[in-house]
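Peer 1: In the working numbering, the protein residues as written are 141 to 237.
All C-beta atoms in this analysis are idealised placements derived from N, C-alpha and C, irrespective of residue type, glycine included.
Quick one: the structure is below, and I'll ask about it shortly.
In structure tokens, the structure reads:
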């Protein structure tokens, strides 16, 4: 693993009126950030919408971002939790993506 340098964006997760993730807008936002020169994307961090998502939704969102980014910039995936065991379990799921 290399040392991270540069500027990372804590990307927002857009939602539809029914509360589901708006993946079409999310895709556009990810592409725009990369085209504008961002060095990395932070997804589902502790300052964002992750606290309002289930673990399954978090994994789905992170998986989407990893696939959409497709290696163009690093993806920093949030696995924060107030419970150490839960955090470790979530990180293991994320690492398997």
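1) Measure how close the beta-carbons of residue 181 and residue 152 come, nearest whole angstrom, since I'm counting them as under 8 Å.
2) Measure the C-alpha to C-alpha separation of residue 224 and residue 187 and round it to an integer number of angstroms.
3) Strictly by DSSP, which residues pair up with residue 190?
4) Find out if the Cβ-Cβ distance for the pair residue 208, residue 167 is shorter than 9 Å.
5) Less than 9 Å between the C-beta atoms of residue 227 and residue 221, yes or no?
6) Would you list, in sequence order, the uninterrupted alpha helix (DSSP H) runs of no fewer than 4 residues that lie entirely inside the segment 168 to 225?
7) For residue 144, which three-state DSSP category applies?
8) If you draw a straight line from the alpha carbon of residue 304 to that of residue 159, how long is it in whole angstroms?
Peer 2: On the basis of the data shown:
1) For this step, residue 181 is matched to residue 41 along the chain shown. For this step, residue 152 is matched to residue 12 along the chain shown. Actually they are not in contact, since the Cβ atoms of residue 181 and residue 152 sit about 11 Å apart, beyond 8 Å.
2) Taking the first residue of the chain shown as 1, we reach residue 224 at position 84. Taking the first residue of the chain shown as 1, we reach residue 187 at position 47. Distance between the alpha carbons of residue 224 and residue 187: 18 Å.
3) Position 50 of the chain shown holds residue 190. Answer is none; residue 190 lacks a bridge partner.
4) Sequence index remark: in the chain shown, residue 208 carries index 68 (1-based). Sequence index remark: in the chain shown, residue 167 carries index 27 (1-based). Less than 9 Å separates the beta-carbon of residue 208 from that of residue 167.
5) On the chain shown, residue 227 is found 87 positions in, with the first residue counted as 1. On the chain shown, residue 221 is found 81 positions in, with the first residue counted as 1. In this structure, residue 221 lies closer than 9 Å to residue 227 by Cβ.
6) Complete alpha helix (DSSP H) runs here, min 4: 195 to 209.
7) The count along the chain shown starts at 1 and reaches residue 144 at position 4. Residue state, collapsed to three classes: coil.
8) The shown model of the chain, from 141 to 237, leaves out residue 304, and the question about it has no answer.
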